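Note sheet for the following structure.
4 protein chains.
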Amino acid sequence: MPRTLHPSSATLAAADAPRRRRKDARPQELLDAALEMFVEKGFAATKMDDVAARAGVSKGTVYLYFPSKEELLKAVIRHNLSLTIAEGDDVLSRYDGPTSELLHLLARRWWERVGETAAAGIFKLIITEVRNFPDLAEFYAAEVIEPGRALIVKLLQRGIDRGEFRQVHLLDTAHALIFPMLMLCLHKHSVGACPAGDEVTADPRAFIDRHIDLVLHGLQRPTTPLTP
Amino acid sequence: MPRTLHPSSATLAAADAPRRRRKDARPQELLDAALEMFVEKGFAATKMDDVAARAGVSKGTVYLYFPSKEELLKAVIRHNLSLTIAEGDDVLSRYDGPTSELLHLLARRWWERVGETAAAGIFKLIITEVRNFPDLAEFYAAEVIEPGRALIVKLLQRGIDRGEFRQVHLLDTAHALIFPMLMLCLHKHSVGACPAGDEVTADPRAFIDRHIDLVLHGLQRPTTPLTP
Amino acid sequence: MPRTLHPSSATLAAADAPRRRRKDARPQELLDAALEMFVEKGFAATKMDDVAARAGVSKGTVYLYFPSKEELLKAVIRHNLSLTIAEGDDVLSRYDGPTSELLHLLARRWWERVGETAAAGIFKLIITEVRNFPDLAEFYAAEVIEPGRALIVKLLQRGIDRGEFRQVHLLDTAHALIFPMLMLCLHKHSVGACPAGDEVTADPRAFIDRHIDLVLHGLQRPTTPLTP
Amino acid sequence: MPRTLHPSSATLAAADAPRRRRKDARPQELLDAALEMFVEKGFAATKMDDVAARAGVSKGTVYLYFPSKEELLKAVIRHNLSLTIAEGDDVLSRYDGPTSELLHLLARRWWERVGETAAAGIFKLIITEVRNFPDLAEFYAAEVIEPGRALIVKLLQRGIDRGEFRQVHLLDTAHALIFPMLMLCLHKHSVGACPAGDEVTADPRAFIDRHIDLVLHGLQRPTTPLTP
DNA sequence: CATGAATGAGAGTTCATTCAT
DNA sequence: GATGAATGAACTCTCATTCAT
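Residue numbers (UniProt numbering), protein chains in the order written: chain E, 1 to 228; chain G, 1 to 228; chain P, 1 to 228; chain H, 1 to 228.
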């Protein structure tokens, strides 16, 4: 694990020679800077100067890596929508215990990987910009919504098949599960980011746990008739 | 029903004479046009020309009623955040039947009054712009979030008090109830508005009914122990 | 002739109310300003600010009338290549005297109408920019070169038909006639416009007369064999 | 014929090894590349990248040889304005036959040496840029126009002195001779270089021969009175 | 020598705002 | 009140030039 013992060479180089081996790290730095600025101020209200400044370079440099502001946006979105879901799928197929535990597990992981990182801002960005850049809709639907939905539906079906959950509308339930978590992301980067803004919850992880519990409770197979 | 006896001045003007609109209708027409454009393209990407064109007036006219684009935005938001909640409060205090029915009733009304009208776009607008105009946060928190939350909490408390619901985390449950409905609004004006975009549901009213049912199911007091 | 007794109303208005009834005159003023600047500095080296300043307006105003710098260039070229040739054709078909006199007449008129006005600069502009804007080539070939050539060829043919000129290569002779006059235009707006530049001739009209004479002399039918 | 015994270093390098070009060839290669690009796109519209790319080097390399774009332009012009005339002068003073033949000879040589090579583009470049770089005017007038004019005038005078030509305006006639040839050069690199462009002539050498003939015909001493 | 990443002044273009009509 | 011509500050994008490697 030398990786954790020493500062990364990138960090070292940054402190060291400002103009040296940065080239490889640049695109990533720019994407991060752009995500932050776009989420903070909105795409249209963000100046290329802002992005450049946050990444610690000059305006022209951004154009060495991305041909236009629009392409930068698309790259930001694409870049932040990778990975996440495949991993969930993997966990699901290898898990052995009760589906309720699996659901909690996946929700927690998702929150750690997405909700608590800058990636959470991507949803705000999509909601804001998808109508201005129509090809994003297609991309987002195919790369995120569809597989994400499929993952949750598969999980619910697992619970039903194993006799843990009652028969419910799969898609609606999937949305009922995921929508509050998306709202948490959206809130965090909108009202929640304002000094004067309110707080949904002081402890998002607990909120998620309770949210999952509430839905799980709703999924419970009745052991006796609800209305005797 | 005074609402049906006197057609709104807007309706009258539209049917009547395009150029002899009474000045009283102007601000409303401009606010509607602005809401649509802001929601569609985002605040920054909307030109005053767009708003004027959609309202059927010239650019200069907008400035007769709103001193700047920013003030127009604030007026749009303020204007679309009124009423709704007080009404719900009223219904609640007069309703007599089971809380589950009351919940369905209020959700349906909200969807009809907000979700299905242009006002649904206001949430997208707030999420997008609240960080750029910080006083909106305060305004929104005080005028919408707080009373809305209070309403739902009161409703949940009613159910608990009447022995219909089990003891749950009030705030979390309120959010679990409202968040999917907000997401429906957001989706409708983002991904859902794109040709290539996906659909959450073909029948939002049924989605909401089932969503409420799922949560109600989760609120159900256990008639027998869950784990015998 | 009130037109010559009083200053034109346009001039009057200009001195009077800077922002009044100028709208109708604007496109023309802008085209004139643009021609001057483009010819003086070249298309690429001319800033929209330059054009605007010369026309006495602000930069934004130019864009009210022309959607881009490129379209402004095309409009300048199109605008300055109209009229001229049709008139020559008209003179030719109505003239009755010797072809040599007709040739002198047409050359003089062309010089007065084109060579001595700002329109002379258009040729420099075409030579400079035709490769960067390929549709200009087509336009110029069809609208100027072809009819211009046809006019001169018709004139030469007239001289031959009437027994005034000997049989010569029509196209080459047409070019031999017109090229020096074009060079005069080009020179006037390039080397000739420089303080340090040289002068082709102090009296262009006389130069043209003598040039025409030289060619006419070459067109003369030999009255006796040239080499006895 | 030392010219054929020692191939130019440029030719050698090209045939030899692309990456082991000797440094002596660089400036020449860069000047050639720059001439081509400047003529093709104009000075302002040509990027240093374009020049470097056409010369097969990196942008920075150009700055090893020329301190700025402007100096590169001046070097290109200076470099392409040498030699030619002195040679013509030499031929003239050694020629023994009829002046008409000498004129044809010189015109043909000039066309081969200038018109048919990239150097022909220099005239377009001068016309375009001379007003932006005023010292070019002085340079061009002194180095090209003046000696070129003197050469032709001397030639015409020779014809008059030998009784071959009639008395004509020397300077005008010189211009009448040279202008069409310059126009051929200009045309070749402007309208003539466009796909949609027209053609002055399919056979420039024949055009030049006939042009010279036409003028010679005009220079002919009348053997009998023109108007008996 | 040669490279090409980085810079930043500058150009084309847009658009909120003004104001004479 | 309503218009729309005009403005100019601000933004995206370009490119001559520099310099560490």
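The beta-carbon is built from N, C-alpha and C at its ideal position, and this holds for glycine as well.
This one's a predicted model, so the numbers in the text were calculated from it and none came from an experiment.
Query                                                                                                                          : Result
Tyr-140(H): first and last residue of the uninterrupted alpha helix (DSSP H) it sits in                                        : 134-140
Pick from Leu-106(P), Asp-161(P), Met-48(P), Ile-85(P) that is closest to Glu-70(P), judged by C-alpha positions               : Met-48(P)
Test: Asn-132(G) CB closer than 8 Å to a CB of chain E                                                                         : yes
Burial state of Leu-64(H) (16 or more Cβ within 10 Å)                                                                          : exposed
Interface residues of the stretch 36-63 of chain G facing chain E [CB-CB below 7 Å]                                            : Glu-40, Lys-41, Gly-42, Ala-44, Ala-45
Phe-165(G) in three-state terms, based on DSSP                                                                                 : strand
Best match in Lys-188(G), Trp-111(G), Ala-120(G), Arg-149(G) for proximity to Ala-206(G) [C-alpha to C-alpha]                  : Trp-111(G)
Closer than 8 Å to chain G by CB, Leu-151(E)                                                                                   : no
Nearest neighbour of Ser-58(E), chosen from Glu-29(E), Ala-45(E), Arg-78(E) [CA to CA]                                         : Glu-29(E)
Neighbourhood of Tyr-95(P) by C-beta distance below 6 Å, restricted to the same chain and skipping five residues each side     : Leu-102
Residue span of the alpha helix (DSSP H) that contains His-104(H), given as start and end                                      : 99-110
Other residues of its chain near Lys-188(E): CB distance less than 7 Å, five sequence neighbours each side excluded            : Ala-120
Whole-angstrom C-beta distance between Leu-186(P) and Glu-127(H), which should lie under 8 Å                                   : It should be pointed out that residue 127(H) corresponds to Ile in this sequence rather than to Glu. Rounded, the Cβ-Cβ distance is 6 Å, consistent with contact.
Residue-chain proximity (residue 258(E), chain G), Cβ-Cβ < 8 Å                                                                 : For residue 258(E) there is no data in the structure shown, the boundaries of chain E being 1 and 228.
C-beta neighbour in chain G for Gly-218(E), strict 8 Å                                                                         : yes
Among Asp-198(E), Glu-199(E), Met-181(E), Pro-195(E), the one whose alpha carbon lies nearest that of Val-215(E)               : Met-181(E)
Environment of Asp-172(H) [buried if 16+ CB atoms lie within 10 Å]                                                             : buried
Leu-31(H) versus Lys-41(H) - alpha carbon distance                                                                             : 15 Å
Contacts that Asp-172(H) makes with chain P (C-beta to C-beta distance below 8 Å)                                              : Thr-201, Phe-207, Arg-210, His-211, Leu-214
Proximal residues, the stretch 179-190 of chain G versus chain E, C-beta separation under 7 Å                                  : Phe-179, Pro-180, Leu-182, Met-183, Leu-186, Ser-190
Burial state of Glu-36(G) (16 or more Cβ within 10 Å)                                                                          : buried
Segment contact, 8 Å Cβ cut-off, at least three pairs: the stretch 193-208 of chain P with the stretch 127-145 of chain H      : yes
Chain-ordered chain G contacts of Val-114(E) [CB-CB under 9 Å]                                                                 : Going along chain G, no residue has its Cβ under 9 Å from Val-114(E), so there is no contact; the nearest lies around 16 Å.
Cutoff 6 Å; reference Thr-99(H); Cβ partners in own chain excluding five residues on either side                               : Arg-158, Gly-159, Glu-164
The ligand SAM heavy atom lying under 7 Å from the CB of Glu-40(P)                                                             : Although the ligand SAM was asked about, the structure shown includes no ligands whatsoever.
Proximity of Glu-143(P) and Leu-81(P) at Cβ, strictly below 8 Å                                                                : yes
Chain H contact for Lys-124(P) (CB, 8 Å cutoff)                                                                                : yes
Cut-off 6 Å between Cβ atoms - residues of its own chain near Ala-141(G), not counting five sequence neighbours on either side : none
Gln-220(P) - partner residues in DSSP beta bridges                                                                             : Phe-165(P)
Option nearest Glu-129(G) by Cα separation, candidates Ala-34(E), Leu-106(E), Arg-166(E), Ser-190(E)                           : Ser-190(E)
Which of helix, strand or coil DSSP assigns to Val-62(E)                                                                       : helix
Exposure label - Thr-46(E); buried when at least 16 CB within 10 Å                                                             : buried
Beta-carbon gap between Met-183(G) and Phe-123(E) smaller than 8 Å                                                             : no
Option nearest Val-153(H) by Cα separation, candidates Ala-75(H), His-175(H), Val-62(H), Arg-162(H)                            : His-175(H)
Nearest residue (CA-CA) to Cys-194(E), options Leu-156(G), Ser-93(G), Phe-133(G)                                               : Phe-133(G)
CB contact below 8 Å: Val-168(H) versus chain P                                                                                : yes
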